[in-house]
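The sequence shown begins at 425 in the working numbering and counts up one residue at a time.
Reading through the structure tokens given below for one structure.
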Amino acid sequence: MLLLKTAPLEKSYGDRVIIKTEKLSIYNGEKIGIVGRNGEGKSTFLIILAGELPPDKGEVLALADRAYLPQLEAGQMPVTKKERSKWAVPDGKGMSGGEETRKKIAAVLSSDAELILADEPTSHLDIEGVEQFEKGILKREGAAVLVSHDRELLDRVCTSIWEVENGELLIYDGNYSSYTEQKQLKEERDWFEYEQYTKEKARLTEAKLEISQRSTALRKAPRRMGNSEARLHKRSVGKKKAKLDKGTKAIQSRIDQLEKKDKPRTESEVTFDMERFTPLHSRTAVAFEDVTVKAAGRLLIEKLRAAVKPGEKVAITGCNGAGKSTLLNMIKNRESGVRVAKPAKIGFFYQQLENLDEENSILGNVMDTTRYTEEFVRTILARLLFKREEVHKEVSKLSGGERVKTALAKVFLSDVNVLLLDEPTNFIDLPTKEALQEVLSEYPGTILFVTHDRYLIRHLADRVIEIAGKRGIVQEPETLGNPLHTGAEEEEAMAELAIELKLAELLGKLGESGDEDEKKRLDEEYARMLQKKQQL
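Structure, rendered in structure tokens:
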């Protein structure tokens, strides 16, 4: 069933086009993720779809009730007692960021709306809260459109990804992993087409040069020739030269008609200079020996025992308020029960960003504390999407996400060999998260990082310390409890769920399509998906 459709949309602020789309349709069963860099206009686009902001051109026609979950303020929609209890939403004011988010989610899931539009719905939620939101969305009838930087959420929930880039909307079928694969294939195809273009252009240019040289080499009549002989020679040479010049022009025409292919953008390889990095020569980088963590007189963690080897990357997870950040502080301060190797040099990233000089530039802040060359520092900053002259921007003029990136670069490019990172992927967009993950993967030192980012855990962590029930449980990322890592049965269940979602989406489109060719295509796709389901 069709829930929402639009005419071609356009929205601008001043001379800048924020979003420009073709006709769009949202059907029952679809779960759409909207992605893009910060400032690309994702939230504006969502507000237009929600009917909260009119476009400059086009219109949005809602054929079902919509529920809009904004990013910043809790909605005024009523929350049922059942949902309030389920989401642990307290009565009254003075709620934390996580409680505010839970209130908004409870309100939306309590509504009868068939189409949910949510802007960063999992911000401030811990892993348990995010998983609960996923289940709520997947169980719910209808469709959902989610603006999100949560890669795992986009992977587990979405049937398609809509990317906003430079004011245009690009649509990719499948979840986030499928989207990244399609982007990779496109990049490979772009490189192939560019190489074919440059080879053909070089071949034609060489052929043109050869003919041009032959034309130039045609000699004038020797002086000893008589007049009649000279005229015959001149006529013969003229014909040959005209023919060669014609060939030169024909080749130039072919060069001009080649479809120009721009060189795809490449990223510099990140290789840390081990001569500038101080390795940690010790059997253990950090050890927890029956560590007890308390805050405000409340017991958070009891008798934690674990050891982290040099070079290991260890994630620390758990519910909000479980004591994860306090544990990082205990490592930094080398408190009782926490044994840190004597040669360890600790670098600490935390959200308050107090390590930045507001009046200095991005590059200046990093260079003040690094042993690496300016060239390498610029490479890292470029990978974090600070391009060329942007590195000279003053910190006081940076956005929240830009400040986070600067602080992170300053920490892991300092003269340290143990990194403590408290929620390093908060407030940064998807492209930056991907880049940061790659850079941290190449980092030669030890990393302990607190995070709710399940995708980062899966792709970066060697091991996980999960804080649950006042205990610290050390495990492999692959064995972390539901729904992150539970082996083959979980993968099979998720594959079946993805097929069910696709089948529901196809049925909705079949019911609305009036075009016979389109119906035939949808029927064939439905049959293929049904066969896939039977094979599971």
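In this text, a Cβ means the ideal position worked out from N, Cα and C, and glycines have one as well.
Predicted model, so just to flag it, every value in this text is computed and none were measured.
- Message: Considering only their Cβ atoms, is the gap separating residue 427 from residue 566 smaller than 8 Å?
- Response: Yes. Within cutoff.
- Would you kindly work out how many angstroms separate the C-alpha atoms of residue 525 and residue 538, rounded to a whole number? Taking the straight line joining both Cα atoms gives about 21 Å.
- Message: Counting C-beta neighbours from all protein chains within 10 Å, is the total for residue 945 16 or more, i.e. buried, or is it exposed?
- Response: Result: exposed.
- Query: Per DSSP, which one or two residues make a beta bridge with residue 586?
  - Reply: Its beta-bridge partners are 458, 595.
- Going straight from the alpha carbon of residue 833 to that of residue 790, what length do you get? Rounded to whole angstroms, the separation of the alpha carbons of residue 790 and residue 833 is 7 Å.
- Are residue 479 and residue 433 closer than 8 Å when you measure CB to CB? For residue 479 and residue 433, yes; Cβs fall inside 8 Å.
- Is the CB-CB distance between residue 762 and residue 886 below 8 Å? A distance of 8 Å or more separates the beta carbons of residue 762 and residue 886.
- Within this structure, are the beta carbons of residue 817 and residue 785 separated by less than 8 Å? In this structure, residue 785 lies closer than 8 Å to residue 817 by Cβ.
- Item | beta strand (DSSP E) segment containing residue 895, residue limits | 895–899 is the span of the beta strand (DSSP E), which, as asked, contains residue 895.
- Assigned exposure category for residue 813 - 16 Cβ within 10 Å defines buried: Exposed.
- Using 8 Å as the Cβ pair cut-off and three pairs as the minimum, do the segment 671–686 and the segment 598–606 touch? No, they do not touch.
- Cβ-heavy atom distance, residue 894 to the ligand MN, below 7 Å: Summarising the ligand content, the structure contains no ligands, and the ligand MN is consequently not present.
- Label residue 876 either buried or exposed according to how many other C-beta atoms from any shown protein chain fall within 10 Å of its C-beta, with 16 as the threshold for buried. Per the 10 Å Cβ criterion, buried.
- From the DSSP output, which residues share a beta bridge with residue 440? Paired residue(s): 437.
- Task: Taking all protein chains shown into account, decide if residue 471 is buried (16 or more other Cβ within 10 angstroms of its Cβ) or exposed.
- Result: It is buried - the Cβ of residue 471 has at least 16 other Cβ atoms within 10 Å.
- Message: Helix, strand or coil, according to DSSP, for residue 429 in the structure here?
- Response: Three-state result, residue 429: strand.
- Message: Helix, strand or coil for residue 828? Go by DSSP, reduced to three states.
- Response: Per DSSP, reduced to three states, the secondary structure at residue 828 is helical.
- Message: Let's see if you can read the secondary structure: which residues bound the alpha helix (DSSP H) around residue 469?
- Response: Taken as a continuous stretch (DSSP letters only), the alpha helix (DSSP H) holding residue 469 covers 466–473.
- Spatial neighbours of residue 429 in its chain, beta-carbon cut-off 6 Å, leaving aside the 5 residues before and after: Excluding the 5 residues flanking it on each side, residue 429 has same chain C-beta neighbours closer than 6 Å at 449, 485, in chain order.
- Message: My parser needs the beta strand (DSSP E) runs of 3 or more residues fully inside the segment 780–844; what are they?
- Response: Listed in chain order, there is nothing to give.
- Query: What residues match up with residue 449 in a beta bridge as DSSP calls it?
  - Reply: Listed as beta-bridge partners of residue 449 by DSSP are 429.
- Item | Nearest-angstrom Cα separation, counted from residue 570 out to residue 494 | For the pair residue 494 and residue 570, the Cα-to-Cα distance works out to about 11 Å.
- Identify whether residue 742 lies in helix, strand or coil by the three-state DSSP scheme. For residue 742, the secondary structure class from DSSP, reduced to helix, strand or coil, is strand.
- Task: Would you tell me roughly how many angstroms separate the C-alpha atoms of residue 954 and residue 930, rounded to the nearest one?
- Result: Rounded to whole angstroms, residue 954 and residue 930 show a C-alpha spacing of 11 Å.
- Should residue 774 be labelled buried (16 or more other beta-carbon atoms within 10 Å of its own) or exposed? By the 10 Å Cβ count, residue 774 comes out buried.
- Task: Return helix, strand or coil for residue 961, following the three-state DSSP convention.
- Result: Here the chain has residues from 425 to 960 only, and residue 961 is not among them.
- Check each candidate in 825, 614, 540, 634 and name the one with the smallest Cα separation from residue 852. Distances from the alpha-carbon of residue 852 to those of 825, 614, 540, 634 put 825 closest.
- Message: Does residue 731 come out as helix, strand or coil in the three-state DSSP assignment?
- Response: Strand.
- Determine the extent of the beta strand (DSSP E) in which residue 544 is found, giving its start and end residues. Looking at the DSSP string, residue 544 is not in any beta strand (DSSP E), and its letter there is neither H nor E.
- Message: Beta-carbon within less than 8 Å of residue 855's beta-carbon, same chain only, minus the 5 sequence neighbours each way: which residues are those?
- Response: Excluding positions up to five away in sequence, the list reads 461, 809.
- Taking all protein chains shown into account, do 16 or more other C-beta atoms lie within 10 angstroms of the C-beta of residue 1013, making it buried, or fewer, making it exposed? The structure shown has nothing for residue 1013, since the chain only spans 425 to 960.
- Message: For residue 714, report the span of its beta strand (DSSP E) as first-last.
- Response: Note, residue 714: beta strand (DSSP E), 710–719.
- Task: Taking residue 634 as the reference, give the member of 622, 671, 803 with the closest Cα.
- Result: Nearest C-alpha to residue 634: 671.
- Query: If you check the beta carbons only, do residue 844 and residue 864 fall under 8 Å apart?
  - Reply: Not a contact, by the Cβ cut-off of 8 Å.
- residue 771, enclosing beta strand (DSSP E) - first and last residue: Note, residue 771: beta strand (DSSP E), 770–773.
- Contacts around residue 675, its chain only, beta-carbon distance under 6 Å, and the 5 residues preceding and following it disregarded: If we look at residue 675 and ignore the five residues flanking it on each side, its Cβ neighbours are 628, 631, 632.
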